[in-house]
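Student: Just dropping this structure here.
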Amino acid sequence: MSRIPLLLRILIAIALGIALGFVMPEVGVRVFNTFNSVFAQLLNFLIPLIIVGLVTSAIADVGRGAGKMLAITAGTAYLATVLSGLFSYGCSVSLFPSLIETGTSQLLSSEGDKFPAFFTIEIPAVMSVMSALVSSFLLGLGIAAFGAKVLKQGFDEFKDIVTLAISKVIIPLLPFYIFGLFLDMTASGSVGAVLMAFLQVIIVIFILTAILLIIQYSIAGIVTRRNPIKLLTTMLPAYFTALGTSSSAATIPITLQQTIKNGVSEGVAGFVVPLCATIHLSGSTLKIVACALAIMLIEGIAFDFPLMLGFILMLGVTMVAAPGVPGGAIMAALGILDSILGFTSEQQAMMITLYIAMDSFGTACNVTGDGAIALILNKYFTKEKA
5 MSRIPLLLRI LIAIALGIAL GFVMPEVGVR VFNTFNSVFA QLLNFLIPLI
55 IVGLVTSAIA DVGRGAGKML AITAGTAYLA TVLSGLFSYG CSVSLFPSLI
105 ETGTSQLLSS EGDKFPAFFT IEIPAVMSVM SALVSSFLLG LGIAAFGAKV
155 LKQGFDEFKD IVTLAISKVI IPLLPFYIFG LFLDMTASGS VGAVLMAFLQ
205 VIIVIFILTA ILLIIQYSIA GIVTRRNPIK LLTTMLPAYF TALGTSSSAA
255 TIPITLQQTI KNGVSEGVAG FVVPLCATIH LSGSTLKIVA CALAIMLIEG
305 IAFDFPLMLG FILMLGVTMV AAPGVPGGAI MAALGILDSI LGFTSEQQAM
355 MITLYIAMDS FGTACNVTGD GAIALILNKY FTKEKA
């Protein structure tokens, strides 16, 4: 299996999951759901450690410029997120009125898991993703400021342990995890029903995420003077991994691996990729804005550009608080959907349903876009050092 390219393994896992989902007996689906449950717990445990191991060491390596690097990365991620929201608004306003018939709202309910795992093993994370990020910034800046060589060596060794866990545990098991996800979705039939209900909106949003990635890598290609198609193709393993896991944080190992293959230095990649996995959510923002506009049209809710601009600007800030788990972005956005757009609980339920139906599209756009940001920032910091 190790000789088969990761991208091909992921595609095979998705295809087999869909094909076998129609014929697999219930006990088989539950077996794979049990594996996925345990693997998900392991991932949740490892993700904060991965962030601490990679980001702390990266900040310490950058040295006194780490504070500036953090500010530039955060600012770039926020700008990219807001611009994607504005892009989504412009396209949705142009397309949705001719596609969506008002007064056709239909609240879909979820029946829950039809094939529960036989057992679950709770593996609580030692800290949350945000706690891991804050700890990494504090420790990395402290090591850089005080020149703590012993502590620096300790975190370098911890980084090696984390890297070993990524290469020997997470990456080999990911295709099996993705297979189980698609197997369960196909066997339960819940995803198909939801996708059919909002088919036109989903198609539009999928096309928009693809266009957004082309725009992002065209900009990265102009900045780095490299072929944007080749850069984007290199990131496809990260795209398809996120398509299966629906989690930016869970895809960090693959995103990091492919970003380095695109020529980004390990120091910049190790800092930008884990950070952007939490604060850069262009795909999720695009999706939330488009879904919100679709529901507002369906429900006949009035809106204008100033209202949506305020929503997008606040959404860019709120996305930073979104946990690195599937569906985290929409859960974090519920507050401003209520406070700014005035969504009722029923409309929020429609929003969640529509968002979750294509959760992986936005996540895949998020993590792939992280690679474009890393390319741009790598060019900037390379020039600065020169």
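Residue 5 is where the sequence shown starts when you use the numbering used here, and the numbers rise one by one after that. Idealized CB from N, CA, C, for every residue including glycine. Quick caveat, the model's predicted, so the values are computed rather than measured.
Can you tell which of A152, Q204, A84 has its C-alpha closest to the C-alpha of H284?
Tutor: The shortest C-alpha separation from H284 is found at A84.
Student: Please specify which runs of the alpha helix (DSSP H), each continuous and at least 4 residues long, are wholly inside the stretch 217 to 287, giving them in chain order.
Tutor: As far as the stretch 217 to 287 is concerned, its whole alpha helix (DSSP H) runs of at least 4 residues are 232 to 238, 240 to 249, 256 to 265, 270 to 283.
Student: Please classify R13: does DSSP put it in a helix, a strand, or coil?
Tutor: In this structure, R13 counts as helix in the three-state DSSP scheme.
Student: Could you have a look at E126 and say whether DSSP puts it in helix, strand or coil?
Tutor: E126 falls in the coil class under three-state DSSP.
Student: When the Cα atoms are used, what is the spatial distance from G320 to G248?
Tutor: Distance between the alpha carbons of G320 and G248 is about 25 Å.
Student: Using CA atoms only, rank isn't needed, just tell me which of G89, L203, L15 is closest to F309.
Tutor: Comparing Cα-Cα distances from F309 to each of G89, L203, L15, the minimum goes to G89.
Student: State the DSSP-derived secondary structure class of L345, mapped to helix, strand or coil.
Tutor: The answer is coil: DSSP assigns L345 none of H, G, I, E or B.
Student: Closest by CA to K156, which one among S251, L99, T60?
Tutor: Closest by alpha carbon: T60.
Student: Taking the straight line between their C-alpha atoms, what separation do you get for I55 and L137?
Tutor: Between I55 and L137, the C-alpha separation is close to 7 Å.
Student: With a 10 Å radius around its C-beta and 16 neighbouring C-beta atoms as the bar for buried, classify N231 as buried or exposed.
Tutor: It counts as exposed.
Student: So the alpha helix (DSSP H) P29 belongs to, where does it begin and stop?
Tutor: Looking at the DSSP string, P29 is not in any alpha helix (DSSP H), and its letter there is neither H nor E.
Student: Just to confirm, is the Cβ distance from M354 to I305 under 7 Å?
Tutor: For M354 and I305, no; Cβs fall outside 7 Å.
Student: Skipping 5 residues on each side, what residues in its chain have a beta carbon closer than 7 Å to that of K383?
Tutor: The residues are V227, T228.
Student: For G287 and Y82, I'd like the C-alpha separation in whole angstroms.
Tutor: So the alpha carbons of these two residues sit roughly 12 Å apart.
Student: Between the Cα of A44 and those of I16, L12, F123, spot the shortest distance and give me the residue it belongs to.
Tutor: Among I16, L12, F123, the Cα nearest to that of A44 belongs to F123.
Student: On the premise that I14 lies in contact with P241, defined as a C-beta separation below 8 Å, what is that separation, rounded to the nearest angstrom?
Tutor: Correct: roughly 7 Å between the Cβ atoms.
Student: Using a Cβ-Cβ cut-off of 8 Å (strictly less than) and excluding sequence neighbours within five positions of A19, which residues of its own chain qualify?
Tutor: If we look at A19 and ignore the five residues flanking it on each side, it has no Cβ neighbours.
Student: Excluding the five sequence neighbours on either side, which residues of its own chain have a C-beta within less than 7 Å of the C-beta of K118, listed in chain order?
Tutor: Excluding sequence neighbours, K118 sits near S192.
Student: How close, in whole Å, do the beta carbons of V86 and I316 come, if the pair is a contact with beta carbons under 8 Å?
Tutor: So it is a contact: roughly 6 Å between Cβ atoms.
Student: Suppose the cutoff is 7 Å on Cβ atoms and the five residues either side in sequence are ignored; what does the same chain contact list for A390 look like?
Tutor: Unreliable placement is indicated for A390, whose pLDDT of 48 sits below 50; the coordinate value is still reported in the next sentence. Result list for A390: empty, nothing under 7 Å.
Student: Is the distance from the Cβ of L301 to the Cβ of V277 below 7 Å?
Tutor: Contact flag unset, no.
Student: Please list, in chain order, all residues of the same chain as Q204 whose beta carbon is under 8 Å from its beta carbon, the five residues on each side excluded.
Tutor: Here the set comprises L103, I104.
Student: With burial defined as no fewer than 16 other Cβ atoms inside 10 Å of the residue's Cβ, what is the status of L12: buried or exposed?
Tutor: That one is exposed.
Student: Under a three-way DSSP split, which group does A148 fall into?
Tutor: Reduced to three states, the DSSP call for A148 is helix.
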